[in-house]
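Worksheet: the structure to be examined is printed underneath.
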Amino acid sequence: MSELIRLERDGPIGILRFLEAKKRNPYSMAFVEELVAHLRDAERDDTIRAVVMTGGDHFSSGGDLVGFQAEIAKGARATSEMVDRVHDGGRAAYLFKKPLISAVCGVAFGAGLSLALSADIVVAAEDARLCEVFARVGGCPDTGSSWLLQQRVGAGVARMLVLTGREIDGITAKDLRVVEECVPADQVEARALEIAREIAQHPMFGVQSAKRVMRSTAECNYIEALDIERDVQSVLLCAHDFPEAMKAFSEKRKPEFNDQ
Numbered sequence: 001m002s003e004l005i006r007l008e009r010d011g012p013i014g015i016l017r018f019l020e021a022k023k024r025n026p027y028s029m030a031f032v033e034e035l036v037a038h039l040r041d042a043e044r045d046d047t048i049r050a051v052v053m054t055g056g057d058h059f060s061s062g063g064d065l066v067g068f069q070a071e072i073a074k075g076a077r078a079t080s081e082m083v084d085r086v087h088d089g090g091r092a093a094y095l096f097k098k099p100l101i102s103a104v105c106g107v108a109f110g111a112g113l114s115l116a117l118s119a120d121i122v123v124a125a126e127d128a129r130l131c132e133v134f135a136r137v138g139g140c141p142d143t144g145s146s147w148l149l150q151q152r153v154g155a156g157v158a159r160m161l162v163l164t165g166r167e168i169d170g171i172t173a174k175d176l177r178v179v180e181e182c183v184p185a186d187q188v189e190a191r192a193l194e195i196a197r198e199i200a201q202h203p204m205f206g207v208q209s210a211k212r213v214m215r216s217t218a219e220c221n222y223i224e225a226l227d228i229e230r231d232v233q234s235v236l237l238c239a240h241d242f243p244e245a246m247k248a249f250s251e252k253r254k255p256e257f258n259d260q
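Position one of the sequence shown corresponds to residue 1 (the working numbering), numbered consecutively onward.
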């Protein structure tokens, strides 16, 4: 069995490297299983403070339509169960507790685009090719893309991209707010790592709490957001990092965090 994903290290940064760039990293069942396992390993490793996902020359061409045919042939129940297993990859990425950054070069189609958008921050190459390809093959959005895309760009732009199946490059994706940053292809991974290191220098309890707050409040109204912020901030204000920050401020010095 070939290795499809490898978890590498760059100091405090984990790098989830997809290894089938020549095949455009198809989103197969085996790919999903390895993705979930590596994300769990990275989450358990306290020395990893942020993670970058990268497919090298190509992020992912999306669902393995050839490989899925055997399950689809078994009927609706088997197909539904298969789709739910495929969704495990996006679920694991979206629920990952640490900061997660996608570095997108080449193609990010269908489920591959959904996986990229499940990260907290997406850095795309100027010539990357992004596409909600589902309409082109007679399908509807899956792997979370219907929700993820609307969260980033709003309902109107999301409908346009989904219903047309239009392919956009990284520059257009940045203009439409599908991705956060756009750089030349040879700078994508370096820029993603730079952002990860910028995040990793902060106290991790606060960063992970902030990520949880941002994810939760994106799905609620303003009053509910205030309640979520109150509950989490009340813990952080009494935690070991924030008191040191307040003490350092009063003493006019740089805080010394015991971030373990």
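Think of the CB as a built atom: it goes at the ideal place given N, C-alpha and C, for glycine as much as any other residue.
Near residue i, which residues of its chain fall below 7 Å by C-beta distance, leaving aside the five closest residues on each side in sequence?
i    : result
R6   : R17, L19
S114 : G90, T143, G144, S145, L148
A218 : Q151
Take residue i and list the residues in its own chain whose beta-carbon comes closer than 8 Å to its own, dropping the five residues that flank it on each side.
i    : result
Y27  : S60, S61, G62, G63, D64, V86, G89, G110, A111, G112, L115, T143
D169 : E126, D127, A128, R129, L130
F96  : L39, A42, E43, V51
A248 : K254, P255, E256
V153 : L161, L176, R177, V178
R195 : Note that residue 195 is Ile in the sequence shown here, rather than Arg. Within the same chain, I195 has close Cβ partners I101, I121, V123, E181.
Which two residues bound the contiguous beta strand (DSSP E) that contains residue i?
i    : result
R9   : 5 to 10
E167 : 167 to 169
E181 : 181 to 183
What would DSSP say about residue i, mapped onto helix, strand or coil?
i    : result
A125 : strand
V18  : The amino acid at residue 18 is misidentified as Val; the sequence shows Phe. Strand at F18.
I101 : strand
T47  : coil
G144 : coil
G89  : helix
G154 : coil
G112 : helix
S60  : strand
V178 : coil
L130 : strand
For residue i, report the span of its alpha helix (DSSP H) as first-last.
i    : result
A108 : Counting along the chain, A108 falls outside any alpha helix (DSSP H), though it belongs to the beta strand (DSSP E) covering 107 to 109.
V188 : 188 to 200
K286 : Since the displayed the chain opens at 1 and closes at 260, residue 286 lies outside it and no answer follows.
E244 : 241 to 250
F68  : 65 to 72
D227 : 222 to 238
Could you say which of the options lies nearest to residue i if we only look at CA atoms?
i    : options                : result
Q21  : N221, V104, A173, P141 : Checking the sequence shown, residue 21 turns out to be Ala, not Gln. Per the Cα distances, V104.
V66  : V162, G156, H240, V137 : V137
I199 : L35, F68, K98, D45     : K98
N25  : D46, E8, D45, E3       : E3
V178 : G55, V162, A78         : V162
V123 : K74, G56, E224         : G56
E167 : M29, L35, A135         : A135
R9   : R215, T47, A76         : T47
R215 : E229, M29, R49         : E229
D231 : E251, A210, V107       : A210
L100 : V107, A92, S80         : A92
P184 : G106, R212, T79        : G106
Which same chain residues, not among the five before or five after residue i, have their C-beta less than 6 Å away from its C-beta?
i    : result
Q208 : K97
C182 : A124, E126, G170, I171, K174
Would residue i count as contacting chain D if we go by Cβ distances under 8 Å?
i    : result
C131 : No chain D appears in the structure shown, which is made up of a single protein chain.
Is there contact here, the stretch 184 to 198 with the stretch 8 to 17, by at least three beta-carbon pairs under 8 Å?
yes
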